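Colleague: Going by the numbering used here, the first residue of the sequence shown is number 2, and it counts up by one from there.
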Amino acid sequence: MLAVAEQLDMDVLDIDPHVDLRQYGLDSIAVVSLVGVWRANGANVGYEDVYEYPSLEELVSFVLQSARR
2 MLAVAEQLDM DVLDIDPHVD LRQYGLDSIA VVSLVGVWRA NGANVGYEDV
52 YEYPSLEELV SFVLQSARR
């Protein structure tokens, strides 16, 4: 969540995990950067996943389920 807050130039406490990240101004350039950070930390997430699971809650749930497989 910190990486998202940094990309959006927001305080982490101001991000509602249930809100579509695009409503905060997340664009394709930020998505590329975030996916790179997440992959570097071992997450199995692709660019399309950020759009398929647009809120932090949905995205984290997806990543956790993918890690269990």
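Glycine included, each C-beta is placed from N, C-alpha and C at the ideal position.
These numbers come from a predicted model, not from an experiment.
(1) Since D21 sits in a beta bridge, which residues does DSSP pair it with?
(2) At a cut of 8 Å, does the stretch 10-24 reach the stretch 44-62 through at least three beta carbon pairs?
(3) Taking the alpha-carbon positions, what's the N45 to F63 distance?
(4) Going by DSSP in three states, I30 sits in which element: helix, strand or coil?
(5) Once the 5 residues before and after A31 are set aside, which same chain residues still bring their CB inside 8 Å of it?
(6) By DSSP, does V46 sit in helix, in strand, or in coil?
Modeller: Inspection of the coordinates gives the following:
(1) Sequence index remark: in the sequence shown, residue 21 carries index 20 (1-based). DSSP lists S56 as the beta-bridge partner residues of D21.
(2) Yes, since at least three Cβ pairs between the stretch 10-24 and the stretch 44-62 fall closer than 8 Å, the two stretches touch.
(3) Locating residue 45 in the sequence shown gives position 44, where the first residue counts as 1. Locating residue 63 in the sequence shown gives position 62, where the first residue counts as 1. Rounded to the nearest angstrom, the two C-alpha atoms are 9 Å apart.
(4) Taking the sequence shown and counting its residues from 1, the one referred to as residue 30 is at position 29. Judged by DSSP in its simplified three-state form, I30 adopts helix.
(5) In the sequence shown, counting from the first residue as 1, residue 31 sits at position 30. The residues are Q8, L9.
(6) The residue labelled residue 46 in the question sits at position 45 within the sequence shown. If DSSP states are grouped into helix, strand and coil, V46 belongs with coil.
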